[in-house]
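*Asks:*
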Amino acid sequence: MSNRTLTLMMGFVAFLILAVGVVFIAVLATGGGDDTGGSDVPASGSTPTKKSSSGGGICDGDKLVTFGSDPNSILDPIQVRDEATSEYVVEIFGGLVTLDLNLKVVPDIAREWKISDDGRTYTFKLRDDVVFQNSNRRVTASDFKYSIDRAADPANGSPTVTLYLDNIVGLKDRFNNKATEVSGVRAVDDTTLEIKLIQPADYFLAELTYPVAFVVEKDQIQKNPRNWTQKPNGTGPFKLAEFTPAERIRLVRNDRYHLGVAKLSEVDFELGGGSILTRYQNDELHIGAVPGIELDAVKSGKSPLSADYKPQPRMAISYIAFNPEKAPFDDIKVRQALAMSMDTQKINEVLFFGSQRVADGILPPDMPGYTESVSGPKYDAARARQLLAESKYAGKMPRIILTYGGPAGDAPDLLTAITSGWKEVLGIDVELEARDYSAFLRDLRKRNFQAFDTGWIADYPDPEDFIDKLFYSESIQNEQGYKNAEVDKILLQARSERDKNARFALYARAEQMILDDVAIIPILWPVDHLLVKPCVKNWPQISMTIPKYRFIEIDSTKK
Amino acid sequence: MGPGLFGYVVRRLLWAVPVLFAISVIVFWILRLAPGSPVDTILGQRYDEERAAVLNRKYGYDQPIYIQYAKYVNNLFHGDLGVSTRHQDFTVSEVIWPKVKVSSELGVIAMCITFALGIPVGVYAAMARGTFLDPLTIGSWLLLDAIPAFVAIPILQFFLALKLGWVQLGWEGVWSPNIILPVLVMSLPGVAGVARFMRASVISVMNEDYVRTARAKGLKERTVVITHITRNALLPMITVIGLSLPGITAGALFTEQYFGIPGIARESLAAITAPDFDVILALVLFGSTLFVLANVLIDISYAIVDPRVRVGARRG
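These protein sequence lines map, in sequence, to chains A and B.
Each residue of the first sequence is one higher than the one before, counting from 1 in our numbering.
Each residue of the second sequence is one higher than the one before, counting from 1001 in our numbering.
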């Protein structure tokens, strides 16, 4: 009996193996038939053309294939909090104003605006020809009123609304459930929207370019509160055709876009990661990324990829910060000594083949209001040793731990290079300690660290976003606990200064004082290393996430 | 299935309940007590108490742990695994099932290939015992096993995709030629293990009385090897196959990373770094359920094929 069962089982296993094998080979032979994905959106006949595995297949047609990261939140403008997700959201949605390729605030749905003399009332005149992508409804002022009310509704838990829009009268009250609407936003008529501010702020318009202020469609959200983001009805240059987490985001052109219809019919973001460089070389992607080990060859022109290399500066900074209340950093001489013994230039040459930008100040060069003359302590080993000898910790240096967020194990090369430089020049041992990222953030807020490695990415192109947010003594983002009454005074003055140049001059002054205090040691203004196929025309080099794909086209004559 | 076997199966399945309960409690508590939470990550450097309070209320993290747990279990019984904090417009089931499907499809294909190659290779090696062919066969498969995936994959990609242009590297679903490479990388390294196990098993039956009897009866050597030796040597393979069943759905991290496969390993990594509490919990519970079930299945199949196990079960 057991023999018969055994025969049966073996037969079954053999059958399974055979069946799978046969199906497998059959599928391979026919070149892959049924796609289980079930594409319900017309794919503009793009699927059959992927046969050609080499040659200029991807440069025919007007579809761009690039890599992207899995969004960290849903594609709801009020939930967006990171660059990766905004990349998609700024293409799908739109707001009153937007940023152009020069990072200037320009009209989007608002045609024009008036600012009252006290700088507290903004009256926006809206275009009357903007419709939502998937319905024929026109966008009116009350849609903006709804969108801002919705963003402030605590039940929706937007992580960014009080960050960008808390200057609007009544927004904080709505967020804390003390009011049922945002009193400072009023739809005067269909095409007139009025927004009242608590304080005049020159950078308010820049803040409105952030997704949290974008317009969303009320009917759709009320009909389908949980899933509407899988097929959002926005006003941007592209529509979301498909979002499969960890796989793909497909955007298709919005043929009624009011600022100029996109030239590409479709943009595909491959979220799988995978071997991006190999796939780029294999003509599967229009946009690729250069991994660290290839950087030298690609940059120096020795690689066939060199012609496609496009460095992409980012409006961001990485820096080392100190807690000025903890020994030994309460002594400015120690901070100066550390700053002056950090040879970032050399580190950049050795580790990154000179591809990053050494930060000698806080504001990145792409930032409006960047002043070249503002700079921190320069590398000077002798002076650094002298300063250390003069400090009150000379010869009795306490244990120093530099904490960073990330996985445990080998510390990032950059930090290892910095600490070994300190050891070499000053003879100081600085220990590196990794902390799981979200725990790192939590301890950062408690100001638990002596010294830490962190960074900042611009939310909008205004120096206020760096200088005030990171160094005003009361600011939540002032993680290093920097406090300078003089700097505070300048920052407050800048907030209400209405003349742009005068305002930028104030920030430059504050920035120089912060650098002189060595509140932080700037390390790098990062640069991304992209590869762009020659047939991709008008790829813009911008340091921020803005709607850019509508400007790009594919030129099939250039292969 | 006799009544004894039935009772045995029921008892084994009942045991799974407290095991899974204990796992869920431990994982739930560990996640909540560990430093860092989804809200920390969501707010990042923009954290402030007001915003955090609003978000904690939204996700229910403001309640005591045991209430959160009770709610979780209650929802679980209603088939609701919770909501992903990364993709709030998808339920946890919508997030993980497609990935389980992808990983298990790939896993089954890879496993079939592994065993389909490993078993004959093992039998062959055992038959060739004493000659250089035995170590040569096993050794060459071991060599494949010894190459780490993160070395093998770029090399294979370079030659097969870039140089020869045979395949593309993008993800286009399981049933596309692009999965040849990932499947090879997942299946070939396992062959050596299966082959060695099979070889040992064959050698241990080779000298049994019934094999000698079969030969003495004058049966053809092929018949002896296939029906008398291989079939009996396959018996211990049940454990190996059974225990590799849960592994099928576990996915293969390097393979998934290098080929951009939306599988369960990449999802787990993303969920843990987020951290995405409900997804992590669902993944752990899913994995442990499979493991428990696989063990039960192994015991049952032993009970079926080997009456001695069942006799023991009836007594105990």
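Beta carbons: idealized from backbone N, C-alpha and C, even for Gly.
Name the residues in the stretch 419-448 of chain A whose C-beta lies less than 9 angstroms from a C-beta of chain B; which are they?
*Replies:* Taking 9 angstroms as the Cβ-Cβ cut-off against chain B, the residues of the stretch 419-448 of chain A that qualify are R435, D436, Y437, S438, A439, F440, L441, R442, D443, L444 and R445.
*Asks:* Go to R1086 of chain B, then tell me how far its alpha helix (DSSP H) extends in each direction, as first and last residue.
*Replies:* Neither: R1086 of chain B is in no alpha helix (DSSP H) and is coded neither H nor E.
*Asks:* How many angstroms separate the CA atom of V1017 of chain B from the CA atom of G1287 of chain B?
*Replies:* Each residue's alpha carbon lies about 14 angstroms from the other.
*Asks:* Do V518 of chain A and P635 of chain A count as a contact pair if the criterion is CB distance below 9 angstroms?
*Replies:* With chain A covering 1 to 559 only, the question about residue 635 of chain A has no answer from this structure.
*Asks:* If I'm right that P461 of chain A touches V90 of chain A with Cβ under 8 angstroms, what's the distance once you round it to whole angstroms?
*Replies:* In fact, because the Cβ distance is near 14 angstroms, the residues do not count as touching under 8 angstroms.
*Asks:* So A187 of chain A and S142 of chain A are in contact, right, with Cβ under 8 angstroms, and what is the actual spacing, rounded?
*Replies:* The Cβ separation is near 4 angstroms, so the contact holds.
*Asks:* Output, in chain order, the set of chain A residues within a Cβ distance shorter than 7 angstroms of G969 of chain B.
*Replies:* The requested residue 969 of chain B is not part of the displayed model; chain B covers only 1001 to 1316.
*Asks:* Per DSSP, which residues does D268 of chain A bridge with? Please list them.
*Replies:* DSSP output for D268 of chain A lists A:V65 and A:R250 as bridge partner(s).
*Asks:* Any Cβ of chain B within less than 9 angstroms of the Cβ of Q133 of chain A?
*Replies:* Not closer than 9 angstroms to any Cβ of chain B, the Cβ of Q133 of chain A fails to qualify, so no.
*Asks:* Note down, in chain order, all residues in the stretch 201-234 of chain A with a beta-carbon under 9 angstroms from any beta-carbon belonging to chain B.
*Replies:* From the stretch 201-234 of chain A, only R226, N227, W228, T229 and Q230 have a Cβ closer than 9 angstroms to chain B.
*Asks:* Could you tell me the distance, in whole angstroms, from the CA atom of K446 of chain A to the CA atom of V1100 of chain B?
*Replies:* Near 40 angstroms, if we compare the C-alpha coordinates of V1100 of chain B and K446 of chain A.
*Asks:* In whole angstroms, what is the alpha-carbon distance linking R150 of chain A and G234 of chain A?
*Replies:* Answer to the nearest angstrom: the Cα atoms are 15 angstroms apart.
*Asks:* Let me know if G1107 of chain B comes out buried or exposed under the rule of 16 or more other beta-carbons within 10 Å of its beta-carbon.
*Replies:* Under this definition G1107 of chain B is a buried residue.
*Asks:* Pick out whichever of B:L1136, B:T1041, B:R1011 and B:V1194 has its Cα sitting closest to the Cα of I1241 of chain B.
*Replies:* When only C-alpha atoms are compared, the closest one is B:V1194.
*Asks:* For W970 of chain B, collect the residues of the same chain with a Cβ closer than 7 angstroms to its Cβ; drop the 5 residues on either side in sequence, then sort them by chain order.
*Replies:* Here chain B comprises residues numbered 1001 to 1316, so residue 970 of chain B is not present and cannot be evaluated.
*Asks:* Taking C-beta to C-beta, are L1081 of chain B and D1278 of chain B nearer than 9 angstroms?
*Replies:* A contact, by the Cβ cut-off of 9 angstroms.
*Asks:* At the 9 angstroms Cβ level, is G37 of chain A part of the contact set with chain B, yes or no?
*Replies:* The predicted position of G37 of chain A is uncertain, since its pLDDT is 34 and thus under 50; a value taken from the coordinates is nonetheless stated next. Closer than 9 angstroms to some Cβ of chain B, the Cβ of G37 of chain A qualifies, so yes.
*Asks:* For V97 of chain A, write down the residues that DSSP places opposite it in a beta bridge.
*Replies:* Partner(s): A:P107.
*Asks:* How is A316 of chain A classed by DSSP in three states: helix, strand or coil?
*Replies:* The answer is strand: DSSP assigns A316 of chain A an E or B state.
*Asks:* Where A1070 of chain B and P154 of chain A are concerned, what is the direct C-alpha to C-alpha distance, given to the nearest angstrom?
*Replies:* For A1070 of chain B and P154 of chain A, the distance between alpha carbons rounds to 25 angstroms.
*Asks:* Using a Cβ-Cβ cutoff of less than 7 angstroms, which residues in the same chain neighbour P1182 of chain B once the five nearest sequence positions on both sides are dropped?
*Replies:* L1106, T1255, F1259 and I1261, listed in sequence order.
*Asks:* Going along the stretch 490-506 of chain A in order, which residues come within less than 7 angstroms of chain B, judged by CB to CB distance?
*Replies:* Listed by position, the residues of the stretch 490-506 of chain A near chain B (Cβ gap below 7 angstroms) amount to none.
*Asks:* Would a check of beta-carbon distances place Q386 of chain A closer than 9 angstroms to chain B?
*Replies:* Output row for Q386 of chain A: interface = no.
*Asks:* Any beta carbon of chain B sitting closer than 9 angstroms to that of F322 of chain A?
*Replies:* With 9 angstroms as the cut-off, F322 of chain A does not count as an interface residue toward chain B.
*Asks:* Kindly indicate which three-state DSSP category G1107 of chain B falls into: helix, strand or coil?
*Replies:* Of the three classes helix, strand and coil, the one that applies to G1107 of chain B here is helix, per DSSP.
*Asks:* Is DSSP giving T545 of chain A helix, strand or coil here?
*Replies:* Three-state result, T545 of chain A: coil.
*Asks:* Please state whether the Cβ-Cβ distance between L1184 of chain B and L1219 of chain B is less than 9 angstroms.
*Replies:* No, these two residues do not count as a Cβ contact at 9 angstroms.
*Asks:* Which one of A:I428, A:S420 and A:F449 has the shortest CA to CA distance from A434 of chain A?
*Replies:* Considering only alpha carbons, the answer is A:F449.
*Asks:* Comparing the C-beta of P1038 of chain B with each C-beta of chain A, is any distance below 9 angstroms?
*Replies:* Yes, because at least one Cβ of chain A sits closer than 9 angstroms to the Cβ of P1038 of chain B.
*Asks:* Taking the alpha-carbon positions, what's the A1265 of chain B to L1169 of chain B distance?
*Replies:* Each residue's alpha carbon lies about 18 angstroms from the other.
*Asks:* Comparing alpha-carbon positions, which option in B:A1053, B:R1046, B:V1123 and B:G1036 lies nearest G157 of chain A?
*Replies:* Closest option to G157 of chain A, Cα to Cα, is B:A1053.
*Asks:* Between G1079 of chain B and chain A, is the shortest Cβ-Cβ distance under 9 angstroms, so that the two count as touching?
*Replies:* With 9 angstroms as the cut-off, G1079 of chain B does not count as an interface residue toward chain A.
*Asks:* Nearest-angstrom Cα distance between A408 of chain A and P1275 of chain B?
*Replies:* Between A408 of chain A and P1275 of chain B, the C-alpha separation is close to 16 angstroms.
*Asks:* Taking Cβ-Cβ distances shorter than 7 angstroms, what residues in chain B pair up with E294 of chain A?
*Replies:* Going along chain B, no residue has its Cβ under 7 angstroms from E294 of chain A, so there is no contact; the nearest lies around 12 angstroms.
*Asks:* Would you call the stretch 455-474 of chain A in contact with the stretch 485-497 of chain A, where contact means no fewer than 3 C-beta pairs closer than 8 angstroms?
*Replies:* Cβ pair count under 8 angstroms is three or more, so yes.
*Asks:* Can you find a CB in chain A that lies within less than 9 angstroms of the CB of P1154 of chain B?
*Replies:* Yes, P1154 of chain B lies at the interface with chain A (some Cβ there is under 9 angstroms from its Cβ).
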